[in-house]
Structure formats: C-alpha cells, structure tokens
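**Student:** Have a look at this one.
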Amino acid sequence: MTKLSRSFYLLVWLLYCLNSNAQDCHTLRSQDSLHLLNFYNSLTDKGLLNWDFSKPLHEIEPTKIKLADGCRISYLELNNRNLNLVAFPKEILQLNKLTQLHLVNCKIEGNIPEELFSLAELQVLDLGTNLLSGTLPKNLDRLRKLKTLNLYENQFTGSIPDELYNLTNLQILNIRGNKLNGTISPQIKNLKELEHLRLFSNQFTGIIPNEIGECINLKTIAIQNNFFIELPSTLANLSQLNYVYLDNNLFENIPLLQNPNLITFSILNNKLTIEDILPQYRLIDNKRTEFKYNIQDTINEFKEVKLHPKEKYILQSTVDQSISTNRRTWVKKDEEHPVSTNHSYELEYNNLVDKDQYYCLIANPELPGLKLIVKDDLLSGKAQVNEYRDTLCEGYSEVVEDVRFDESHPKDSIFLYGRGVQGHDSIMVVKFFFKPNSKYEISAKFCSGSTFELNGQYYNRPSTYKQNYKNSIGCDSVIVLYLDYYDVMLSEPKYSKDNSNSNLFNIDPNIYNNSTNKTYTWSNGSKEPILSKVAMGIYKLSVTDGNGCEKVFSYDIQKSVVGLEESELASQIKISPNPSSKDEYFEIQMNTNEVLDNDFTYSLFSLDGRKFRENQALDFTQNKAIISTIGLFPSTFILRIENSKKGFKVNKRITIL
C-alpha cells in the first residue's frame, strides 16, 4: 500500500469516529432532555419554572441547567422556585452524569430514595430547607466523589451513621436545624478534606472527640444549640480555623485557642465562669479576633446550716479561686457586706429562726460587666421545734394559734417569736391528716319476687340505694348499692299431640333467660325439660335457674287447642310494623277464617318481667286490632295475647325504637 493510500484510509477512519461520537452525544443529550421534559410535565404546579423545550437543552435556562462537554446534564439547580414536589423527583434521578444537584426549598417530603445513591459522579448534593425525614441514610458513602453535603433545615432524626465518615472527599457538611442526636464519632478523623462543619440546632450530646484535631483543613466549626459537654484541646492544632461557634451548650471549660487565622470565637450561654473566660481573653488578639463570651448567671453552692444564737460562722466560696484578681462582695438579701478578695467571710449569727440566704458576687476588673452570682449558705437559728399532729374528717377544719387548717391547708410551720427556751424563737409544726368520707359502690342482682339484704336492710325492687353510716373515727360514710333483677325466666310453650297415642299430649315450656343449668320439676313428678305423654289437664312447672331463682309456670291443655300446636297458634298472628316507633302503634292481624269475638286481651312485660300493661282488651275488627305505643319507652317487650275462654295464649317479642 502506498503512503497516499494509507493517509486516505486514516482520514476515512477519523471521519467515521467523529461522526460516531457526534451521534452518541446527540443520543445521550436527547435522553437527558427527555428525562427533564418528563419531570417538567409531571409538575401540577410549575412554580416559577417556564422552560421552553423547543430550544436546545443548554439554552433552556443556562444558569440552572449546565451540560458537560455539550452532551450530558451535569448541573441542575431548582432552588427557591416555588415548587411543591412532595415526592423526590424520580425523573431527575435518571440524569446519571449529574455532578451538582441543588433542590433547596422544594417542599420534598419523606426519605431520601435509594436511587439517589446511584449518581456516582455527584460532588454537590444540596437538599436544604425541605421536609425530609427519617434517619440519615447509611448508603451516603456510595457517593464517593461527594464534596458538599447540605441537608440542613429538614426533619432528620437519629444519629450520624458511621458510613458518613467514609466520604473522604467531603469539604462541607451542613446538617444544621434537624432533630439529630447522639455523639460525634472519633471516625471524624477520616474527613481530612473537611473545611466547614455545621451541626448547630440539633440535639447532639457528649464530648467532641480529640480526633477532630486531625481534620487539618477545618475553617468553620458551628455546633451551637446542642448539648455538648466537653471540648478537646486538639482544637488548638487547627491552624486554618476561622470561625468557632460553641454557644448554648453545656461546656464547663474551654481549651485555649490561639489559632493564627481565627476571626470569630463565640462561647455564649454555657456553664462557664470568670476562671474559664479570663485566660482566653488574655491570650486572644482582640484586634484580629472577635471574642464573644459571657458567664452563667448563678451557681448553687449552698447548704442549710442551723446556728445557735451569737454563734460565729465562716461563709466560704470555692468558685474561681485560681484568679487572684477577682473581687468578692458578700450579700445577705439586699444588705451588702464589705468588699473582700478573700474566699471566706466571718459573721456572728442572731437568734432568729428566719432563714438568711447569703450570696457571693464575683467580678473582675479585666472583664467589666461580668458578675458571677454564687448562692452560698442558707443560715437559720436552732429553734425549739414542737410537732402537733391530729386527724380530721373530710370537710372539717380546726384553728391552731390563729391559723386555720383544712384540706387545702393541712400543714404549716408556726413561728413563735421569743416563746422558746430562754426567750429564743421556736417553731410549732402542725400537721393534720384528713380521713376521707368512705364511699363504697356495690353492684348486685337478686331474683324477682325475693328480697335482697345488706347490713340488715331489705330491698325488694331494683334501684340505686344509699346506706349512710359512721366509719371508725366517726366520719360520714356511704355505701351506694346498684340493685337489679337477674334476667326473669319467660315461657313460650309449644303443645303437640303424642305421635303414638292421640289422647296424650306433649308440653315444651321453652323456658328462656340468660342463665343456664336450669332444673325442672313438674307437678306430676317429672324432672325432664319437656313433659311427654300426658292427658289433658293443668300442669304446673317449677324451674330453678343457675342464679338460684325459682319461678312456677302453669300450662292448661284445653280441648279447644287440642290438635293445634303453639307454633301454629303463633303463626296465625302477624304484628306490623315490628319494630315500631315510640308514640305510634302495632297492628295485630289474626289470619283465620273464624269470626273473632272480643274476649281477647293483651299484656306487656319487659324482658326482666316487669308489667307495663296487663289484661288490656283487644278489639278485633275484620281480624285486626291496634295496640298504641304511646307512653312506652324504646326497648324490647314480651306481648302476651290471651283468650281465656278458648284457652288461647301466645307470647310475641316486639321492639320499640
């Protein structure tokens, strides 16, 4: 092959490669454009977005949508565009060449989706000011190239996962304003590139580990508004440090910082004293560094001490003894004692019982405006103490030394000035114990027709009763008795001829209530629930239920009902409407061709056997009669229809709503 031929083939190959790459770029850009279009079309409210997809992808919004090499979307920023995304936009997660994703204030809710961790090229993830919740994902460490992680002002809970400390390229970690807790792991030393650490306004606790001193590129530490208790001295090793915010924690001491690039050092509202502040104040260059500080308001260092009259006593304060230039003022209430630089103050006590609280006010001329209040000992006289105790009934009162004692004021200390031994003050401690009026509640049931006895008192009907009596110390007491019947036994008998002898009959009394284990005794001596093979006549049945209640029923086999079973009698009677309404009526219809006389009566019973109407006339017109419900209350009743001449008796259940 000639040299010219080789050059020609090389040119053809280069043109082919260029054309192939151009086609690949066009395809990839089209795919990203489609993902972005799908996202845009999925928005029900597009907020401030007004994208025109007739334009080339890189011209839709050049400052917010940027392409790498003109092919793939590498930068997307939708911050503060009045979007209400709610769910994390899955279409955006298809843009797998993203290096920066900014979705600040888009109202995204829920957890960070798993698909996000497939964006392997991501370097900046900014999801601040949303409604994200749950714990920080452990899969964050899959984003190996991540340099900025902004998850501030969300609703994350739990602790920082250990996996986060594997993001060794991380430069900015901002998770402020969440509900995170737990401690900071020593693994923070892995974040060698970290420059800005913002953990403030969470619920972190414990100590800041020594290993933070290995994050040599740190410029900002903002951990205010947490519950940290201790700082390491290794903070002094961070030569790049510019800003340190430690406000509103529980630090009781601070390391001395003389970092050369320190611009702001703020330690407001911790548990510090002059002893903690002054060394740092002397060390820091106030022209170069803004040092914000204060001390805690009050330290409680007191104990209660009882003294004899004229006894000498030395007040002492152990706070800030290492600072020799401190000035102390000893104060009793509003009375100032001479200024002293000593840690103690001697006094002579009087004979009063009144408690005197002493304070030590500590100040230092190098820190004007700061004053530490140390609450010191609480002194009182050793008075003669007498105790008076008694018991009163509920609702009573008694007066002792012109002081009224009742249930709202059961105890008090009465100061008796000058009435103790040798004219010293004394105290009477009065305590009354109030015995409540006893109240017992008893619920009981008894058999209808019997009596119920309690404490010698007898009751024969259901109701609520009270028994008043005096308890062991004579206080009024009461027993409340809630008395009711056991469910009354009712009978819906069925009569039938005996299959083997037409002159004999069977009686099924069909006794029912809520009790089981019934025993039966018929007047003919039978103990069976159903009386079989008996001649016509009147038969009595004594039934005792599981509650011990006994009731006697009478059954009359008459010629007029021979051959007609109770179920057949009942089937002749139709009641409507059932249920009925209060203040309306029931219609009774007798399905028979026989002309009915006016010897029918009806009675109404409650399910517990109480009678509401008895032997009321039933006037049938064209085999129909009306029963009014006026005056009855909503409940279920037993309607008994009888014709004594024909020996006809049927029970039906009716309901009034």
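Position one of the sequence shown corresponds to residue 896 (the working numbering), numbered consecutively onward. Quick reminder that beta carbons are idealized off the backbone N, C-alpha and C, glycines included.
1. Whose C-alpha, out of L1044, I1070, Y1060, L1059, is nearest the C-alpha of F1601?
2. Taking all protein chains shown into account, decide if P1388 is buried (16 or more other Cβ within 10 angstroms of its Cβ) or exposed.
3. With a threshold of 8 Å on Cβ separation, who are the neighbours of F1146 within its own chain once the five nearest residues in sequence on each side are excluded?
4. What's the C-alpha gap between K950 and I1116?
5. Taking C-alpha atoms, which residue in T1100, F1507, A1512, Q1517 lies nearest to S1573?
6. Got a sec, what are the start and stop residues for the alpha helix (DSSP H) I1169 sits in?
7. Where does L1068 sit, in a helix, a strand or coil, going by DSSP?
8. If you draw a straight line from the C-alpha of P1424 to the C-alpha of S1395, how long is it?
9. Mind the definition here: the segment 1017-1036 touches the segment 987-997 only if three or more C-beta pairs lie below 8 Å; say whether that holds.
10. Starting from the C-beta of S928, find all residues in its chain whose C-beta is less than 6 Å away, skip the five residues before and the five after it, and write them out in chain order.
11. Just to confirm the assignment: which complete beta strand (DSSP E) runs, minimum length 3, are found wholly within the segment 951-1023?
12. To which residues of the same chain is K1469 closer than 7 Å at the C-beta, ignoring the five residues directly before and after it?
13. When the Cα of A1258 is compared with those of V1298, F1300, L1210, I1169, which residue comes out closest?
14. Could you check whether C1342 and Y1381 sit closer than 8 Å to each other, using their CB atoms as the reference points?
15. The beta strand (DSSP E) that contains A1339, what's its start and end?
16. Any idea if L1062 is buried or exposed, counting beta-carbon neighbours within 10 angstroms, 16 or more meaning buried?
17. Confirm, please, whether the CB-CB distance from L993 to L1014 is below 8 Å.
18. Less than 8 Å separating the beta-carbons of N1538 and F1500?
19. I need the boundaries of the beta strand (DSSP E) containing D1379, first residue and last residue.
20. How should Q1119 be labelled, buried or exposed, when 16 other C-beta atoms within 10 angstroms of its C-beta is the threshold for buried?
21. If you run the structure through DSSP and keep just helix, strand and coil, what is R1183?
22. Just tell me which of Y935, S1427, T1346 has its CA closest to the CA of K985.
23. Starting from H1091, follow the beta strand (DSSP E) in both directions and report where the run begins and ends.
24. Which same chain residues end up closer than 7 Å to Q1211 when comparing Cβ atoms and leaving out the 5 residues on each side of it in sequence?
25. Using a threshold of 8 Å, state whether the C-beta atoms of V1325 and L1267 are closer than that.
26. Count the other C-beta atoms from every protein chain shown that fall within 10 angstroms of the C-beta of T1346, then say buried if there are 16 or more, exposed otherwise.
27. Using a Cβ distance threshold of 8 Å, determine whether the segment 1436-1452 contacts the segment 1401-1416, with at least three qualifying pairs required.
28. Return yes when the Cβ of D947 is within less than 8 Å of the Cβ of I955, no when it is not.
29. Can you look up N933 in the DSSP assignment and give me helix, strand or coil?
30. Could you have a look at S1455 and say whether DSSP puts it in helix, strand or coil?
31. Going by the DSSP bridge assignment, what does F1122 pair with across the sheet?
32. For K1270, which option in L1311, F1310, L1130, R1223 has the closest C-alpha, if you only look at C-alpha atoms?
33. Restricting to Cα atoms, I'd like to know which of N1064, D1307, L1094, V1375 is closest to K1042.
34. Do you know offhand how far R1093's Cα is from G942's?
35. Mind checking who N1137 pairs with in its DSSP beta bridge?
36. One question on the structure: do N1097 and K1074 come within less than 8 Å of each other, judged by their Cβ atoms?
**Tutor:** In this structure, then:
1. Nothing can be reported for residue 1601, as the shown portion of the chain is limited to 896 through 1552.
2. As a first step, residue 1388 must be located in the sequence shown, where it is residue number 493. Buried is the call here.
3. As a working mapping, residue 1146 is identified with position 251 in the sequence shown. Once the five neighbours on either side are set aside, the close Cβ partners of F1146 are F1123, I1124, E1125, L1126, I1162, N1165, K1166, L1167.
4. Numbered from 1 along the sequence shown, position 55 holds the residue referred to as residue 950. Numbered from 1 along the sequence shown, position 221 holds the residue referred to as residue 1116. Approximately 45 Å, taken between the alpha carbons.
5. There is no way to answer for residue 1573, as the model of the chain reaches only from 896 to 1552.
6. Your numbering for residue 1169 matches position 274 in the sequence shown. For I1169, the enclosing alpha helix (DSSP H) starts and ends at 1169-1178.
7. The sequence position of residue 1068 within the sequence shown is 173, counting from 1. In the three-state DSSP reduction, L1068 falls in the strand class (E or B).
8. Against the sequence shown, residue 1424 aligns to sequence position 529. Against the sequence shown, residue 1395 aligns to sequence position 500. C-alpha of P1424 to C-alpha of S1395: approximately 20 Å in a straight line.
9. Taking a cut-off of 8 Å for Cβ pairs, the segment 1017-1036 and the segment 987-997 touch, as three or more such pairs fall below it.
10. Within the sequence shown, the letter at position 33 stands for residue 928. The beta carbon of S928 is closer than 6 Å to those of L952 in its chain, skipping five residues each way along the sequence.
11. List check, beta strand (DSSP E) in window: 960-963, 967-972, 995-997, 1019-1021.
12. Position 574 of the sequence shown, counted from the first residue, corresponds to residue 1469. So the list reads Q1484, N1486, once near-sequence residues are dropped.
13. Taking the first residue of the sequence shown as position 1, residue 1258 is located at position 363. The residue with the shortest Cα to Cα distance from A1258 is I1169.
14. Position 486 of the sequence shown, counting from 1, holds the residue named residue 1381. Position 447 of the sequence shown, counting from 1, holds the residue named residue 1342. Yes, Cβ-Cβ distance for Y1381 and C1342 is below 8 Å.
15. As a working mapping, residue 1339 is identified with position 444 in the sequence shown. 1334-1341 is the span of the beta strand (DSSP E), which, as asked, contains A1339.
16. Counting from 1 along the sequence shown, the entry for residue 1062 is found at position 167. Here L1062 is buried: its Cβ has 16 or more other Cβ atoms, across all protein chains shown, within 10 Å.
17. On the sequence shown, residue 1014 is found 119 positions in, with the first residue counted as 1. On the sequence shown, residue 993 is found 98 positions in, with the first residue counted as 1. At the C-beta level, L1014 and L993 come within 8 Å of one another.
18. Position 643 of the sequence shown, counted from the start, is the residue given in the question as residue 1538. Position 605 of the sequence shown, counted from the start, is the residue given in the question as residue 1500. In this structure, N1538 lies away from F1500, with their beta-carbon atoms at least 8 Å apart.
19. Translated into positions along the sequence shown, residue 1379 becomes position 484. Note, D1379: beta strand (DSSP E), 1371-1380.
20. If you number the sequence shown from 1, residue 1119 lands on position 224. Burial call: buried.
21. The sequence position of residue 1183 within the sequence shown is 288, counting from 1. Of the three classes helix, strand and coil, the one that applies to R1183 here is coil, per DSSP.
22. The count along the sequence shown starts at 1 and reaches residue 985 at position 90. Taking only the C-alpha atoms, the option nearest K985 is Y935.
23. Within the sequence shown, the letter at position 196 stands for residue 1091. 1091-1093 is the extent of the beta strand (DSSP E) around H1091.
24. Locating residue 1211 in the sequence shown gives position 316, counting from the first residue. The residues are H1238, S1239.
25. Along the sequence shown, read from residue 1 onward, the residue named residue 1325 stands at position 430. Along the sequence shown, read from residue 1 onward, the residue named residue 1267 stands at position 372. Not a contact, by the Cβ cut-off of 8 Å.
26. Reading the sequence shown from its first residue, position 451 is the one you call residue 1346. T1346 comes out exposed.
27. Yes, since at least three Cβ pairs between the segment 1436-1452 and the segment 1401-1416 fall closer than 8 Å, the two stretches touch.
28. What you label residue 955 is simply residue 60 of the sequence shown in a count that begins at 1. What you label residue 947 is simply residue 52 of the sequence shown in a count that begins at 1. Here I955 is near D947, since their CB atoms are less than 8 Å apart.
29. Here residue 933 refers to the residue found at position 38 of the sequence shown. Note: N933 maps to helix in three-state DSSP.
30. What you label residue 1455 is simply residue 560 of the sequence shown in a count that begins at 1. Its pLDDT being 35, under 50, S1455 is placed unreliably by the model, and nothing is read from it.
31. For the purposes of this step, residue 1122 is identified with residue 227 of the sequence shown, where counting begins at 1. T1100, per the DSSP bridge assignment.
32. Within the sequence shown, residue 1270 is the residue found at index 375, counting from 1. The residue from L1311, F1310, L1130, R1223 with its alpha-carbon nearest to that of K1270 is R1223.
33. Residue numbering aside, residue 1042 sits at position 147 when the sequence shown is read from its first letter. Taking only the C-alpha atoms, the option nearest K1042 is N1064.
34. The sequence position of residue 1093 within the sequence shown is 198, counting from 1. The sequence position of residue 942 within the sequence shown is 47, counting from 1. Pairing R1093 with G942, the inter-Cα distance amounts to about 30 Å.
35. As a first step, residue 1137 is located in the sequence shown; it is residue number 242 there, counting from the start. According to DSSP, N1137 bridges with nothing at all.
36. Sequence index remark: in the sequence shown, residue 1097 carries index 202 (1-based). Sequence index remark: in the sequence shown, residue 1074 carries index 179 (1-based). Inclusion of N1097 and K1074 in the CB contact set at 8 Å is warranted, their separation being smaller than that value.
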